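Quick note on numbering: my numbering labels position 201 of the sequence shown as 210, and the sequence is numbered without any gaps.
All residues carry an ideal CB built from backbone N, CA and C; glycine is no exception.
Please read all numbers here as calculations on a predicted model, not as lab measurements.
This report refers to the structure that appears directly beneath it.
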Amino acid sequence: MTEAVRILLVEDQSIARLALHTIIDPRPDMKIVAETGRGNEAADLFDLHLPDVVIMDLRLPGQSGFEAIRIIRKKHATARILVLTNYEGSEDVHRVLQAGAMAYLTKDTGKEELIQAILAVSRGKRYLPSSVGALLAERMPGSELTEREQDVLRLLAKGASNRGVAESLGISENTARIHVTHILQKLGVEDRTQAVIAAIQRGIVHVD
């Protein structure tokens with residue numbers, strides 16, 4: 010009999026962790042060896058347990074799942090990470106895969122598909138459901154926003170004017186206006202309101 014797949018679970022919602030235990034614990038081919046509800050504890054637990062697979066949420070207190078993935082992969086280039094999240098934006102998928110995750114599932118995924126994904130990732134294979142692939146296909150080429158443009162977009166989502174953006178970021182109002190123009194062009198929208206809506210839909214900006 011092959012050894013069980015050793016899993017590190019990074020999920021802050023107790024009900025979600027319980028549901029995953031209900032699915033995984035009865036199986037002889039899988040075992041949760043450690044778990045945490047905080048992103049900033051994930052890398053240390055990975056160092057300690059060296060799991061075969063990490064199941065990672067993206068919305069976590071203290072440190073996001075995006076950052077936790079980057080930190081783990083920086084130290085362990087072959088780490089196998091499966092993202093399980095409520096985020097459904099094309100930008101979320103893109104950022105996660107860029108960070109080094111091998112699978113992306115949403116929390117409405119069925120039990121059998123989750124098991125299939127865990128086993129695939131444990132064997133070093135990428136797993137993307139067709140719905141996730143469709144999100145990636147919708148992502149416009151050349152629409153990559155710079156970090157500064159993302160900062161501006163987050164401020165726009167909070168209702169900031171060009172002057173407010175300039176004051177918050179320590180830049181001139183004219184520079185803020187230029188950033189906004191570039192954002193509209195890259196997102197393919199006509200005004201700031203449409204830009205914010207597109208950013209939320211694509212997962213560039215998250216509204217808690």
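Going along the chain, which unbroken runs of the beta strand (DSSP E) with 3 or more residues stay wholly within the stretch 135-216?
none
Runs of beta strand (DSSP E) wholly within the stretch 31-95 (minimum 3 residues, chain order)
39-45, 62-65, 90-94
Looking at residue 65 and residue 74, is the spacing between their C-beta atoms short of 8 Å?
The residue labelled residue 74 in the question sits at position 65 within the sequence shown. The residue labelled residue 65 in the question sits at position 56 within the sequence shown. Yes, these two residues count as a Cβ contact at 8 Å.
Tell me the residue span of the beta strand (DSSP E) that contains residue 132.
Counted from its first residue, the sequence shown places residue 132 at position 123. No beta strand (DSSP E) holds residue 132; DSSP gives it neither H nor E.
Under DSSP, the alpha helix (DSSP H) around residue 108 begins and ends at which residues?
Stepping through the sequence shown from its first residue, residue 108 is reached at position 99. Here the alpha helix (DSSP H) through residue 108 covers 99-108.
Give the DSSP-derived three-state secondary structure of residue 25 in the structure shown.
Position 16 of the sequence shown, counting from 1, holds the residue named residue 25. Reduced to three states, the DSSP call for residue 25 is helix.
I need the boundaries of the beta strand (DSSP E) containing residue 13, first residue and last residue.
As a first step, residue 13 is located in the sequence shown; it is residue number 4 there, counting from the start. No beta strand (DSSP E) holds residue 13; DSSP gives it neither H nor E.
Contact between the stretch 45-61 and the stretch 73-90: three or more CB pairs below 8 Å?
yes
Taking residue 117 as the reference, give the member of 97, 208, 45 with the closest Cα.
If you number the sequence shown from 1, residue 117 lands on position 108. When each option's Cα is compared against that of residue 117, the closest is 97.
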